[in-house]
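Q:
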Amino acid sequence: MASSAAIAVPGRHPGWPARLGPLLVDAGVVELRAPKLLDAQPWSRARLRDQAHLEQWEPTSPGSWLDRNSSFAWPAQWSMLRRLSLRGQGLAFVITVDGELAGQLTVGNVVRGALCSAWIGYWVASSRTGGGLATAAVALTADHVFRSAGLHRLEATVRPENMASIRVLRKAGFREEGVFRRYLDVAGDWRDHLCFAVTTEDHPGGLVQRLVDGGHAKIIR
Ligand code: ACO
């Protein structure tokens, strides 16, 4: 019999909206929550300041960076993420540290049936990097989608040049599975990507517990 957490309420995603964490890492107290319309200003400030840090790793999109990341662009983004999440096609989160918006994390392309799989993508503001934030956010989300959203497998694709993100995935407990050739149109060209994945069988105690056991994070209440 399916657990109650895995039963979809019509029009609502199992596992979304949700608050994940708190988890204490070097960067501070990490939590994830659903995006809010009121996130426009901090989201836009971080994204405009960080064009050089972010653009090289993100899918090619029409329009200027300014147009796509001004606070006026947020309501459409927010509405798209919310719709995706309410339809059960994804789970959209913002990452906060000590209560302040510090990045975003999205689980997308949720496929159920015999796959029960999805991908994960994330960014962290450059002012907050290097403190374990992304690793904690990925681990919290993986545990959540396995325990509350009924998924079995989570995939992440990353450019081979993106050493920081590769380190995040390895530290969080994902394994490298292979190379997807010319997989995604990123920063103006079709780029090879490494495929990383984790399934429910890999870490029976959970990815967060694994980080805690390794001394990378502390569970706080
Ligand atoms: N070479 C090797 N390791 C590096 C490098 C580098 N150039 N830069 C950072 N690292 C290491 C850090 O030392 C750290 O490892 P450590 O804890 O063993 O010292 C690790 O990478 C980063 O771990 P976190 O602190 O948990 O991650 P952080 O909060 O700094 O966020 C992230 C990492 C998300 C990649 C951030 O740099 C970012 O937003 N980059 C731009 C956007 C991006 O690349 N997003 C990911 C796209 S791929 C995907 O979404 C699946």
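Numbering-wise (our numbering), the sequence shown opens with residue 1 and increments by one. For glycine and all other residues, C-beta sits at the position ideal for the given N, C-alpha and C. Computed from a predicted structure; not experimentally measured.
1) I'd like to check one pair, Leu211 with Ala136: are the Cβ atoms closer than 8 Å?
2) If you compare alpha carbons, which of Leu154, Leu140, Ser126 and Ser61 is closest to Trp190?
3) Once the 5 residues before and after Asp185 are set aside, which same chain residues still bring their CB inside 7 Å of it?
4) Output needed for Pro10: all residues of its chain with C-beta closer than 8 Å, excluding positions within five of it in sequence on either side, in chain order.
5) Taking buried to mean at least 16 other C-beta atoms within 10 Å of its own C-beta, is Phe72 buried or exposed?
6) On the CB-based measure, 16 or more other CB atoms within 10 Å of its CB, does Lys36 come out buried or exposed?
7) My parser needs the beta strand (DSSP E) runs of 3 or more residues fully inside the region 76-120; what are they?
8) Tell me where the beta strand (DSSP E) around Arg244 begins and ends.
9) Ala134 to Ala40, Cα distance in whole Å?
10) If you reduce the DSSP assignment to three classes, tell me which class Leu211 lands in.
11) Is Val124 near Leu91, with beta carbons less than 8 Å apart?
12) Measuring alpha carbon to alpha carbon, tell me which of Gly99, Val97 and Gly121 ends up nearest Thr106.
13) First and last residue of the alpha helix (DSSP H) that includes Asp67?
14) Would you check if the region 14-30 and the region 147-159 touch, i.e. whether three or more CB-CB distances between them fall below 8 Å?
15) Does the ligand ACO have a heavy atom nearer than 7 Å to the CB of Trp74?
16) Can you have a look at Arg128 and say buried or exposed, based on whether 16 or more other CB atoms are within 10 angstroms of its CB?
17) Look at Leu38 and Asp143 and say whether their C-beta atoms are less than 8 Å apart.
18) Given a threshold of 16 other Cβ atoms within 10 Å of its Cβ, counted over all protein chains shown, does Val110 qualify as buried or as exposed?
A: Once the coordinates are examined:
1) Against a cut-off of 8 Å, the Cβ pair of Leu211 and Ala136 comes out as a contact.
2) Ranking Leu154, Leu140, Ser126 and Ser61 by Cα distance to Trp190 puts Ser61 first.
3) Cβ neighbours of Asp185 beyond the five flanking positions: Pro59 and Thr60.
4) No answer about Pro10 holds up, because its pLDDT of 47 lies below 50 and its placement is not dependable.
5) Under the 10 Å beta carbon count, Phe72 is surrounded by fewer than 16 other beta carbons and is classified as exposed.
6) Exposed.
7) Within the region 76-120, the complete beta strand (DSSP E) runs of at least 3 residues are 91-97 and 100-111.
8) It is not possible to answer for residue 244, since the shown part of the chain is limited to 1 through 221.
9) Distance from the CA atom of Ala134 to the CA atom of Ala40, rounded to whole angstroms, is 21 Å.
10) In the structure shown, Leu211 sits in a helix (DSSP, three-state: H, G or I).
11) Inclusion of Val124 and Leu91 in the CB contact set at 8 Å is not warranted, their separation being larger than that value.
12) Relative to the Cα of Thr106, the nearest Cα in the group Gly99, Val97 and Gly121 belongs to Gly121.
13) Element bounds for Asp67: Trp65 to Asn69.
14) They touch, by the three-pair rule.
15) Not under cutoff, so the answer is no.
16) The residue is buried, with at least 16 neighbouring Cβ atoms inside 10 Å.
17) No, the Cβ-Cβ distance between Leu38 and Asp143 is not below 8 Å.
18) Val110 is buried by the Cβ-count criterion.
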